[in-house]
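Going by the UniProt record's numbering, the sequence shown opens with residue 1, and the numbers climb by one from there.
Every residue gets a Cβ at the ideal spot worked out from N, C-alpha and C, and that includes glycine.
Predicted, not measured: the structure shown is a model, and the values here were computed from it.
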Amino acid sequence: MVWCNSRHSEAAGIGVNWGTMASHRLPNKTVVQMLRANGISKVKLFDADPGVMESLRGTDMELMIAIPNEMLELVATLPAAARNWVRKNVTRYRTAKNGVKIKYVAVGNEPFLKAYNGSYDNLAYPALKNVQDALVSAGLGESIKATIPLNGDVLSNGDSTLPSGGIFRPDIAPQVLKVVEALGEHNAPFVINVYPFLSLQQDPHFPRDFAFFDGTDFPLVDGNLSYTNVFDASYDLLVAALTKAGYSNMTIIIGEIGWPTDGDINANVANAVRFNQAFIRHVLQSGTPLRRPPLEAYLFSLLDEDQKTILPGNFERHWGIFGYDGKAKYRLDLQGSGNVTANLVNASSVKYLPRQWCVLDPSGDIARLGNNMDYACSHSDCTSIVPGSSCDGMGSDAKASYAFNSYYQLYDQLNTSCYFDGLATITKTSPSSGTCQFKIQIATTNSSSTSPRSPGSSGGDSNSNSTSSESSGGSRRNGCYSIRDLLVAASAILIALWKLERF
């Protein structure tokens with residue numbers, strides 16, 4: 001094995017992505033307590049939400065905060081905007097008493113993604129430079145590094161089929177190389193998001209064993225190096241590209257990696273345990289053929305998020321190692337020590353709505369069932385009843401009950417949300433069966449869904465499922481945005497401009 005040394009090996013370890021696109025969010029303090037109880041000391045965010053930042057004061061957790069893509073043009077074109085953002089989101093927390101241990105600022109997320117059609121290609125580098133300059137001006141340039149999390153599609157192996165052929169994608173190579181040079185100037189890491197699950201999910205011919213870390217009968221041989229999993233091959237593809245650019249020792253951080261537990265035939269608890277546990281052990285103890293351990297990585301993700309777009313796939317709402325309510329989905333040894341009995345620590349003192357569910361009333365007019373199920377699913381989360389999911393084996397009546405209950409729980413169990421043209425009724429007997437779990441929503445003051453009515457009920461106007469303006473990895477990995485996402489982006493730009501005018 002040939003290892004290349006990288007800088008900052010002392011920073012290596014396992015962190016988590018904390019996304020907040022949920023209709024009913026756990027209190028920030030509860031999440032922080034859960035992080036601490038599980039020994040998680042590295043956290044990556046997709047923004048710099050003030051409530052989340054305040055909850056992290058005095059915790060000594062290393063934090064990566066982010067500037068969303070919709071602000072890249074503003075930050076790239078106006079250095080004052082970068083300085084203002086750093087002042088409001090970094091300096092105020094980093095230098096205060098009981099401050100927040102911000103270590104990285106992510107400038108956008110996957111801006112070179114092919115699906116963006118070049119929208120951010122010429123903004124990423126100037127935005128990064130302006131943020132770097134702002135950090136230096138604030139006296140934070142040595143302790144806080146600006147970087148840009150990039151998708152694996154920035155890489156190519158050119159005419160080769162081997163990791164050693166790694167180069168940056170020719171159509172964006174000039175822009176990416178500028179980013180690499182800027183990172184090198186400031187001793188900042190290259191952050192890349194890698195998803196072996198998507199390799200398996202998107203290609204029916206992809207060798208299944210190559211997605212995991214159990215070994216394969218057909219390794220990929222590259223000179224004197226042998227690759228038995230797609231992660232190592234992807235990682236060393238980047239090492240090769242950086243080496244060709246003159247940065248063979250640049251630190252690499254895996255910004256997002258994980259395995260979902262529902263919403264797809266390949267997304268289940270067994271595969272998630274198989275992948276995540278072996279991945280943790282692998283990066284902490286084995287490394288890749290070109291990089292020695294330990295490597296730094298952030299699991300995607302901490303919690304399930306029921307408001308994420310499902311355009312990339314129904315699995316998008318199920319990446320969490322914990323469920324929506326902070327309950328661990330499976331055993332996981334985050335330290336990679338080989339403790340097969342290690343248990344994750346659940347969130348404590350979580351308050352739930354009453355133990356009651358909205359289910360199908362078989363005495364209703366079944367002729368109306370299809371339209372009512374469509375309505376419920378279009379306004380809530382039915383990703384667990386799609387083919388290959390955890391509730392796929394349930395009968396049609398049970399799936400209807402699941403859809404009705406999903407809507408009912410989303411809207412805080414209001415009576416008007418369990419009618420559906422007389423097809424629904426409330427029960428106190430759990431309809432859960434086997435792997436198909438009917439949720440009871442958590443009680444929270446920050447629910448994003450209000451004033452519902454199911455078809456045929458009396459009450460206020462029906463409203464579509466409102467969603468959080470915060471965004472996390474899944475909606476951007478494949479560049480899939482809804483009209484809601486675009487409106488949020490436009491609003492964010494207007495707000496940013498308004499804030500800039502104030503300073």
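Continuous beta strand (DSSP E) stretch holding residue i: start and end
i: residue 517; result: No information on residue 517 is available, as it lies outside the stretch 1 to 503 that the chain covers here.
i: PHE300; result: It is not in any beta strand (DSSP E) - PHE300 carries neither H nor E in the DSSP assignment.
i: LYS103; result: 102 to 107
i: residue 506; result: In this structure the chain extends from 1 to 503, so residue 506 is not present and cannot be described.
i: ASN63; result: Asn is not the amino acid found at residue 63; the sequence shown has Leu there. It spans 62 to 67 - the beta strand (DSSP E) in which LEU63 sits, taken as one unbroken run.
Inter-residue spacing [alpha-carbon to alpha-carbon] between residue i and residue j
i: VAL32; j: PRO294; result: 25 Å
i: ASP392; j: VAL386; result: 6 Å
i: ILE254; j: ALA297; result: 4 Å
i: ASN249; j: THR243; result: 8 Å
i: GLN201; j: ALA267; result: 9 Å
i: ASN276; j: ASP421; result: 44 Å
i: ALA37; j: ILE426; result: 37 Å
i: ILE440; j: VAL90; result: 37 Å
i: ALA403; j: HIS379; result: 10 Å
i: ASP412; j: VAL269; result: 28 Å
i: GLY58; j: PRO50; result: 15 Å
i: VAL16; j: THR228; result: 25 Å
i: GLY141; j: GLN356; result: 53 Å
i: ARG25; j: ILE14; result: 24 Å
i: PHE300; j: GLY246; result: 30 Å
i: VAL75; j: ARG87; result: 13 Å
i: residue 543; j: SER41; result: Lying before the first or after the last residue shown, residue 543 is absent from the chain, which here runs from 1 to 503.
i: PRO196; j: ILE366; result: 42 Å
i: ASP304; j: ASN346; result: 14 Å
i: GLU73; j: ASN371; result: 43 Å
i: ALA12; j: ASN415; result: 50 Å
i: residue 506; j: ASP262; result: Since the first residue shown for the chain is 1 and the last is 503, residue 506 is missing from the structure and cannot be characterised.
i: ASP381; j: ASP374; result: 11 Å
i: TYR481; j: TYR120; result: Residue confidence for TYR481 is low, a pLDDT of 37 falling below 50, so the modelled location carries little weight; the figure read from the coordinates is stated next. One C-alpha to the other measures close to 15 Å.
i: PHE213; j: GLU256; result: 17 Å
i: SER430; j: THR444; result: 22 Å
i: ALA272; j: ALA188; result: 31 Å
i: THR288; j: PRO260; result: 23 Å
i: LEU369; j: LEU423; result: 7 Å
i: TYR352; j: ILE442; result: 4 Å
i: ASN28; j: GLY326; result: 12 Å
i: TRP319; j: ASP264; result: 12 Å
Distance between beta carbons of residue j and residue i, contact taken as under 8 Å
i: ALA66; j: ALA80; result: Actually they do not touch by this definition, with Cβ atoms about 20 Å apart.
i: LEU35; j: MET61; result: 7 Å
i: ALA169; j: ASP153; result: For the sequence presented, residue 169 should be read as Arg rather than Ala. About 7 Å; that satisfies the 8 Å criterion.
i: VAL194; j: SER234; result: 5 Å
i: ASN151; j: LEU177; result: In fact, because the Cβ distance is near 17 Å, the residues do not count as touching under 8 Å.
Enclosing alpha helix (DSSP H) for residue i [first to last residue]
i: LYS439; result: Neither: LYS439 is in no alpha helix (DSSP H) and is coded neither H nor E.
i: THR30; result: 28 to 37
i: TRP85; result: 79 to 86
i: LEU183; result: 173 to 185
i: VAL52; result: 50 to 55
i: ALA146; result: No alpha helix (DSSP H) contains ALA146, which is instead part of the beta strand (DSSP E) from 145 to 147.
i: LYS399; result: 396 to 410
i: HIS379; result: 369 to 379
i: LEU198; result: 196 to 202
Which residues DSSP lists as bridging residue i, in chain order
i: SER322; result: The question names Ser, but residue 322 in the sequence shown is Phe. Answer by DSSP bridge pairing, in chain order: LEU303, ALA328.
i: LYS129; result: Partner(s): none; LYS129 has no beta bridge.
i: PHE168; result: LEU155
i: ALA267; result: ASP264
i: PHE190; result: ILE252
i: TRP357; result: THR427
i: LEU220; result: TYR227
i: GLY13; result: GLU296
i: LYS44; result: ASN17, MET64
i: LEU237; result: None, per the DSSP bridge assignment.
i: ASP432; result: One detail in the question is off: residue 432 reads as Ser in this sequence, not Asp. For SER432, which the question treats as bridged, DSSP gives no partner whatsoever.
i: ILE257; result: LEU299
i: LEU140; result: Paired residues: none, contrary to the question.
The ligand GDP heavy atom lying under 8 Å from the CB of residue i
i: PRO362; result: The ligand content of the structure shown is nil, which means the ligand GDP is not present either.
Exercise. Counting Cβ pairs closer than 8 Å, one from the region 317 to 335 and one from the region 220 to 229, do we hit at least three?
Worked result: Taking 8 Å as the limit for Cβ pairs, the verdict is that the region 220 to 229 does not touch the region 317 to 335.
Exercise. Is it a yes or a no for the region 355 to 365 touching the region 225 to 241, going by three-plus beta-carbon pairs under 8 Å?
Worked result: Touching, no, given that fewer than three Cβ pairs across the two stretches are closer than 8 Å.
For this session: Give a yes or no on contact between the region 202 to 209 and the region 126 to 139, applying the rule of three or more CB pairs nearer than 8 Å.
Result: The region 202 to 209 is not in contact with the region 126 to 139.
Problem set entry | Three or more C-beta pairs below 8 Å linking the region 94 to 101 and the region 111 to 127 | Two segments are said to touch when three or more pairs of C-beta atoms, one from each, lie closer than 8 Å; by this definition the region 94 to 101 does not touch the region 111 to 127.
Exercise. Pairing CB atoms from the region 336 to 343 with CB atoms from the region 267 to 284, are three or more of them under 8 Å?
Worked result: Result yes; three or more Cβ-Cβ pairs closer than 8 Å.
Exercise. Can we say the region 105 to 121 touches the region 139 to 154, given the rule of at least three CB pairs closer than 8 Å?
Worked result: By the Cβ rule, the region 105 to 121 counts as touching the region 139 to 154, because three or more pairs are nearer than 8 Å.
Exercise. Quick one: any contact between the region 180 to 189 and the region 304 to 321, if contact means 3 or more CB pairs under 8 Å?
Worked result: The region 180 to 189 makes no contact with the region 304 to 321; the number of CB pairs closer than 8 Å stays below 3.
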